[in-house]
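Notes to accompany the following structure.
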Amino acid sequence: MPGNVLVGRGWTFPVRIGGSGGISLSGDASDIDEAIRIIIGTSPGERVMRPDFGCRIHELVFAPANSQTVGLAQRFVLEALKWWEPRIEVIEVSGSIDAVEPNRLLINVIYTIRDTKDERSLVYPFYLIARE
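Going by our numbering, the sequence shown opens with residue 1, and the numbers climb by one from there.
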C-alpha cells in the first residue's frame, strides 16, 4: 500500500484552473492544511447537504477579545478538527489575542498527519467584531 493513501488529493480551495486547463489539485500535507482551513472557516448550517459540518468558532464573532473567548475558540476548533478531519491527530490548539490587532484571535493548531507521522502547525486568524 502506498505511503500516503490516507492523505490523498483534493481540489484546491478556492477552486482554480491549473496550468493544463483542468481543476487544480492539492495533495499530501497541503490538502490537509486546506481541509483544516475549510473546517474552521465553515459555520455549522452553512452547507445544505451537511448542516452540522464546520466549526462553532463563528458563534464568537461578536464576543469580547478576552481569555474566555480565546478558551472557547480553542475548544470549538479542537472539537471540529477531531470530528471532521480523521487524517490528523491534534496535538494542541492554542490561542492568543493579536498584540498588533486586538480584535484578531490567532489560533495555533499543532497536529500530526497520521499516515506520515509528519508534525505540522497552522495559524488561523479569526476576527472579532467589536461592539460599539
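Using N, Cα and C, we set each Cβ at its ideal position, and we do this for glycine too.
Environment of residue i [buried if 16+ CB atoms lie within 10 Å]
i     : result
Gln68 : exposed
Val48 : exposed
Gly3  : Residue confidence is low: Gly3 scores 49 on pLDDT, short of 50, so the model does not pin down where it sits. Its coordinate-derived value is still stated next. With fewer than 16 Cβ atoms within 10 Å of its Cβ, Gly3 is classed as exposed.
Ala99 : exposed
Ile32 : buried
Identity of the residue in the options nearest residue i by Cα
i      : options                          : result
Ala130 : Val61, Asp52 and Ile57           : Val61
Ile110 : Leu128, Gly22 and Leu81          : Leu81
Arg56  : Ala73, Ala65, Arg37 and Ala63    : Ala73
Leu105 : Ala65, Ile113 and Ser121         : Ala65
Glu89  : Leu128, Pro44, Asn103 and Arg120 : Arg120
Trp84  : Ile107, Ser43, Ser20 and Asn108  : Ser43
Where residue i sits in the DSSP three-state scheme
i     : result
Gly54 : coil
Under 7 Å between C-beta atoms of residue i and residue j
i      : j      : result
Val70  : Ile40  : no
Asn103 : Leu122 : no
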